[in-house]
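One structure is given below, encoded as structure tokens.
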Amino acid sequence: MRIVDLSVTLENDASWAPWYARNRVRNQSHAFGAWVIWWLFGIGKKHLRTGLGWANDTIKLSTHGTTHIDAPWHYAPTAEGLPAKTIDQVPLEWCYGPGVVLDMRHKDVREPVTSTDLIAALAKIGHELRVGDIVLIQTGNDRLLGRRDYFAAGPGVSGEATRWLCDRGIKLMGIDAWGWDEPLGAQAKRALATGRNDICWQAHFVGVDKEYCQIERLAHLDQLPSSGFTVCAFPLKVKAGSAGPARVVALVPEVAERPPAGPS
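The end of the sequence shown is residue 263 by numbering that gives the first Met the number 0, with every number in the run present.
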């Protein structure tokens, strides 16, 4: 069994992330920990085996600021006519299941993934979707991590393709890009030019009619086989949260990595 980490590293990103999407990690040293112990308990360094205290860290981030799972509440107050689930209400059964990677690295940034693309990708790998599958869209956009254009690149997935997945019983889907939709700037331009209300954030708004969750900001999908692995994507239990940061991993059994046997 091989474990593949599909999560990005949570770190200070002020050097490349726009102000509205920044994370801050502050590391507190062992020396500072010794001072905290003295402040709390009056115990000095001579009472500590190493002369040092504990290390600690503080984190400031959005629930969407790293690899995370969007709850139905993120899309709208209701889903399928009922109150939308917040992240602490999402069934954990949705977050664990057979994984499928659909390679969309050939798509242009101006061409969101369609259901036709999904059907072709599934046929190419010989996989038929089943209820409970976790579908991961590979755009290759994780190669841009650490660069400002990460936030405005990648084809994203169309609303029509998102609905197609939901209609096949897919409750959790994910992508190795900043967002599931195509870049919002491109959508906004088209919405302004046409006056329509079904363009901007169109894939997310599918969640009004179809209850589902999505994983955003994945990485390392190129280390996975097309299928035959298991996805574990458990979000932090944020009360009433619209999303939860998650350490997403894939469990790849040895049999899934063996090349097909040649002719005998």
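The beta carbon of each residue, even a glycine, is placed where N, CA and C say it ideally should be.
For G64 and A242, the gap between their C-alpha atoms comes out near 10 Å. Annotation for P234: I68, I86, G243, A245 place their beta carbon closer than 6 Å to its own, counting only its chain and skipping 5 residues before and after. Per DSSP, reduced to three states, the secondary structure at G158 is helical. C212 is a Cβ neighbour of K170, given a cutoff of 9 Å. Taking the Cα of V112 as reference, the smallest distance to any Cα among L217, I133, A202 is reached at A202. Put simply, the backbone Cα of L220 is about 28 Å away from that of V207. Here the region 124 to 135 makes no contact with the region 145 to 160; the two share fewer than three CB pairs at distances below 8 Å. Your pair N26 and L9 does not check out as a contact, with CB atoms roughly 12 Å apart and the cut at 8 Å.
The Cβ atoms of T77 and A70 do not sit closer than 9 Å to each other. In terms of Cβ geometry, G50 and A33 form a close pair [threshold 9 Å].
According to DSSP, residue pairing for S6 in a beta bridge involves L217. When rounded, the separation of the alpha-carbon atoms in K188 and A176 is 20 Å. Across the structure, K209 and R162 are spaced so that their CA atoms are roughly 7 Å apart. Under a 10 Å Cβ-count criterion, R109 is classified as exposed, with fewer than 16 other Cβ atoms of the shown protein chains found around its own Cβ.
Ranking I118, A218, F228 by CA distance to the CA of L143 puts A218 first.
L121 and L101 do touch by the CB rule: their CB atoms are close to 7 Å apart, below 8 Å. Residue pairing of K59 in beta bridges, as defined by DSSP: R23. With fewer than 16 other Cβ atoms inside 10 Å of its own Cβ, E79 counts as exposed. At least 9 Å separates the beta-carbon of G158 from that of G178.
Checking the DSSP bridge columns, you'll see I198 has no partner listed.
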